[in-house]
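Below is one structure, written out as structure tokens, with a few remarks after it.
What follows is the structure in structure tokens.
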């Protein structure tokens with residue numbers, strides 16, 4: 008049965024400073040984000056509770072500290088038994104959808120979402136987990152390219168906005 012709940016759109020962006028957005032006086036032309044900001048809720052003061060993207064995302068989705076769920080790096084498995092906001096939204100009657108990277112490592116690629124529009128951009132293995140000895144894990148995607156890279160001008164993974 009359809010419901011009249013308000014739509015919810017949660018955007019988790021990597022390395023996006025508000026000073027870049029035109030709604031904050033920045034140089035980027037962002038008409039759709041500006042419209043969302045004008046009609047929705049924006050966070051003026053938000054703090055990241057972990058300096059890496061995956062643990063920070065997991066904390067937002069679970070409502071728990073990264074240390075509580077064992078997310079200490081981008082290669083940490085996000086365990087399927089940890090409920091996310093998507094689980095609770097489903098219980099409330101919402102249809103949930105995920106698009107974009109989340110760094111979900113492990114067998115569960117949905118974590119409560121009904122569907123996922125695109126697969127993970129990175130392989131769901133432990134190659135992002137730092138090795139504290141001399142031996143590097145061999146995989147299709149280890150982080151050596153990231154650790155040796157200089158300033159990034161374009162994504163080497165995919166050009167999402169080029170079409």
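Residue numbers (the numbering used here): 8 to 170. Note that the Cβ used here is the ideal one computed from N, Cα and C, for glycine as well. These numbers were taken from a predicted model, which means no experiment stands behind them.
DSSP-derived helix/strand/coil call for residue i
i: residue 104; result: strand
i: residue 45; result: helix
i: residue 40; result: helix
i: residue 26; result: helix
Inter-residue spacing [alpha-carbon to alpha-carbon] between residue i and residue j
i: residue 11; j: residue 32; result: 35 Å
i: residue 119; j: residue 86; result: 12 Å
i: residue 52; j: residue 28; result: 15 Å
i: residue 45; j: residue 102; result: 24 Å
i: residue 89; j: residue 114; result: 13 Å
i: residue 55; j: residue 125; result: 25 Å
i: residue 68; j: residue 34; result: 30 Å
i: residue 57; j: residue 100; result: 31 Å
i: residue 26; j: residue 38; result: 15 Å
i: residue 22; j: residue 110; result: 15 Å
i: residue 81; j: residue 59; result: 7 Å
i: residue 48; j: residue 112; result: 30 Å
Rounded Cβ spacing between residue i and residue j (contact assumed at less than 8 Å)
i: residue 84; j: residue 104; result: Not really, about 23 Å apart at Cβ, beyond 8 Å.
i: residue 79; j: residue 62; result: 7 Å
i: residue 75; j: residue 19; result: So it is not a contact: roughly 19 Å between Cβ atoms.
i: residue 43; j: residue 16; result: 7 Å
N-terminal and C-terminal residue of the alpha helix (DSSP H) that residue i is part of
i: residue 60; result: 60-69
i: residue 74; result: 73-76
i: residue 92; result: 92-98
For residue i: DSSP bridge partner residues
i: residue 122; result: 104
Closer than 8 Å: residue i CB and nearest the ligand GDP heavy atom
i: residue 90; result: Among the components of this structure there are no ligands whatsoever, and the ligand GDP is therefore not found.
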